Amino acid sequence: MQEIIVETLIKGIVVITFLMLSAAYMTFLERIVMARMQLRLGPNRVGPLGLLQPIADGIKLLCKEQFRPANIDVFTYWLAPGISLFTALFAFTLIPFGGTVNIWGYPVKLQIADINSGIVFLLAFSSLAVYGIVLAGWSSNNRYSLLGGLRGTAQMISYEVPMGLSLLTVALSAGTLSLSEIVSAQSNHWFIWTNPISFIIYLITAFAETNRAPFDLPEAEQELTAGYHTEYGGMKFAIFFLGEYVNILAVSAIAVTLFLGGWQGPWDIPVVWFLVKVALFVFFFMWVRSTMARFRYDQLMSFGWKVLVPIATLNLLITAYFKLVLT
Amino acid sequence: MKKKLGQVWSVIWGLFIVLKYAFKKPVTLRYPEEKRKLPERSRGRHYLTKWDDGLERCVGCELCAIVCPAQAIYVKAAENEPGDVHSHGERYASDFQINMLRCIYCGYCEEACPTGAIILGNDYELSGYTKESLIYTKEMLTEKKPGDSGRDPHREI
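Protein chains in written order, with the working numbering: chain W, 970 to 1296; chain X, 839 to 995.
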């Protein structure tokens, strides 16, 4: 029992450290990638090639004045960034980074918690992520924040539906809800080839779930100054920021696990394959952000309910039919 | 339906257009280290030019001060005395100041000048720490020797 606790703790610390570092460097990478796509140079001043930029940003954010607007709900105001980051980090307790490996003669499973209903847990926690946004918007006592929070709620709840429906097809095809078993079910063919429509729907809803362009309505700079985190500054804002980037990593990792065969690939380098696939998705997120304009609010809603939900439902029925016929 | 598919296709096609630009050379420069070469006729700081014999072109007519829409120029004219000749005309500018904080670099002074004395050079790095340091005096504006500003000292105007 003690061994399991120590092992899980070590794995958790390693994963959190890695996630925090990669989220910090994703901000740098995003600035570079977007700059190149817009024919700019991007940050290149701090350190060689600008590689110390995230550290400089971190120091700047830590040293900022502690600012608190008047008449706010103090407890919720402090709680909201924590919820955002926590729900984003939580997804990684369930995701398998690799199979079982031997470290110093001790078998270690490269997954923090291999529970038998992984997908359900993932969906539950991605739904909880909306609390961070809506509580931040509500507690700041600012109309822009409140509007951002409301938009975030409506958007994330509507896009949760097609996302769940598209993930259900994967559960149907694999015949299990456990993430490690879904990965091993993809050893012959990845689910992106058998369920391409679910993959596309998942990808679209993933953008909406992470509040990234073209679905970044909750923090639309042009209309709502910064949306739900208008009144946040310094490290509290940084936590929101980290939460957003960890969330991108989380939805990418889920997409890799469910559709791209997880850590599987040629040669015996499981974690590397996982990271390469996640990096591809991360790049895709940045690519889309530098390409697409934001949706209008009514377009967002009608696209979610009138296009994605019917297609996802139909797709689920067809998958179920084929599953019945083929087995 | 066909229209909708066209829209979806244009979104995907747009992604690749953006990707194409990622492999082009950035248009921005690392400014203090690299500097862009400006076009020859771009308008920067002013110079008071001289003839090739070393005399000032400015004859103190104050047309530049009159035409200046930002009222940035101050000219004080004085007569050329025998033995103390500064220009080819009867008069010369005994004092000439340009307030670079007011100047809008429109180039009207250059157009108005009957002798081609005042010209706008290419130097655009004109920041300073005090307001006083940005009021350019006659000593700062006049070229040290003919041709320093980059204009031909033999030209008519």
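Glycine included, every Cβ here is placed at the ideal spot set by N, Cα and C. Note that the structure is predicted; figures quoted are calculated from it, not measured.
Beta-bridge pairing by DSSP links Lys888(X) to Glu894(X). Residue pairing by DSSP leaves Ser1108(W) without any beta bridge partner.
Separation of Tyr1201(W) and Ala1039(W) (C-alpha to C-alpha, rounded to the nearest whole angstrom) is 13 angstroms. The straight-line gap separating the alpha-carbon atoms of Gly985(X) and Val865(X) is approximately 33 angstroms. Exposure of Thr986(W) is indicated by the presence of fewer than 16 other C-beta atoms within 10 angstroms of its C-beta. When Cβ pairs closer than 8 angstroms are counted between the two stretches, the segment 1230-1247 of chain W is seen not to touch the segment 1166-1174 of chain W, the count staying below three. Listed along chain W are Trp1256, each with a C-beta nearer than 7 angstroms to that of Leu857(X). Residue environment analysis places Met1255(W) among the buried positions, since at least 16 neighbouring C-beta atoms fall within 10 angstroms of its C-beta. By the rule that beta-carbons nearer than 8 angstroms mark a contact, Ala950(X) does not touch chain W.
Secondary structure of Ser925(X) (DSSP, three-state): strand.
Contacts with chain X at 8 angstroms (Cβ-Cβ) include Leu1010(W).
In this structure, Gly1087(W) lies away from Leu1058(W), with their beta-carbon atoms at least 8 angstroms apart.
Against chain W, the CB of Gly945(X) has no partner CB under 8 angstroms away; the residue lies outside that interface. Asn1157(W) carries a coil assignment under DSSP once its states are collapsed to helix, strand and coil. DSSP, read as helix, strand or coil, puts Val856(X) in helix. Going by beta carbons, Ala1082(W) and Ala1219(W) fall outside the 8 angstroms limit. For secondary structure counted as the beta strand (DSSP E) over 3 or more consecutive residues, the segment 1053-1119 of chain W holds these complete runs in sequence order: 1069-1072, 1075-1078. In the pairwise beta carbon analysis, the segment 926-938 of chain X is classified as not touching the segment 858-875 of chain X: fewer than three pairs are separated by under 8 angstroms. In this structure, Gln1233(W) lies away from Phe1184(W), with their beta-carbon atoms at least 8 angstroms apart.
Not one beta carbon of chain W lies nearer than 8 angstroms to the beta carbon of Ala916(X).
For Ala860(X), a Cβ of chain W is located within less than 8 angstroms of the residue's own Cβ. For the pair Glu1213(W) and Asn1164(W), the CB atoms are not nearer than the 8 angstroms cut-off. Of all residues in the segment 860-882 of chain X, the ones placed with a Cβ closer than 9 angstroms to any Cβ belonging to chain W are Ala860, Phe861, Lys862, Lys863, Pro864, Val865, Thr866, Leu867, Arg868, in chain order. For Tyr912(X), the enclosing beta strand (DSSP E) begins and ends at 911-917. Residue environment: Phe854(X) is assigned as exposed (fewer than 16 neighbouring CB atoms within 10 Å of its CB, all protein chains considered). Put simply, the CB of Gly844(X) is far from chain W, with every gap to its CB atoms at 8 angstroms or more. Around Ser987(X), the same chain offers Tyr885, Thr887, Ile957, Gly959, Glu981 as residues with beta carbons nearer than 7 angstroms, after the five sequence neighbours per side are excluded. Across the segment 997-1024 of chain W, CB contacts with chain X closer than 9 angstroms involve Val1002, Ala1004, Arg1005, Met1006, Gln1007, Leu1008, Arg1009, Leu1010, Gly1011, Asn1013, Arg1014, in sequence order along the chain. When the five nearest sequence neighbours on each side are left out, the beta carbons in the same chain lying within less than 6 angstroms of the beta carbon of Trp1159(W) are those of Leu1229, Gly1230, in order along the chain. Straight-line measurement puts the Cα of Leu1148(W) at about 20 angstroms from the Cα of Leu978(W). Residue pairing of Leu1277(W) in beta bridges, as defined by DSSP: absent, with no partner found. Ile985(W): member of the alpha helix (DSSP H) spanning 971-1006, first to last residue.
Residue range 956-958 is occupied by the beta strand (DSSP E) that includes Leu958(X).
Around the CB of Met938(X), 16 or more other CB atoms lie within 10 Å, so the residue is classed as buried. Within the segment 1267-1294 of chain W, no residue has a Cβ lying closer than 7 angstroms to any Cβ of chain X.
Per DSSP, Asp1026(W) is one residue of the alpha helix (DSSP H) stretching across 1022-1031.
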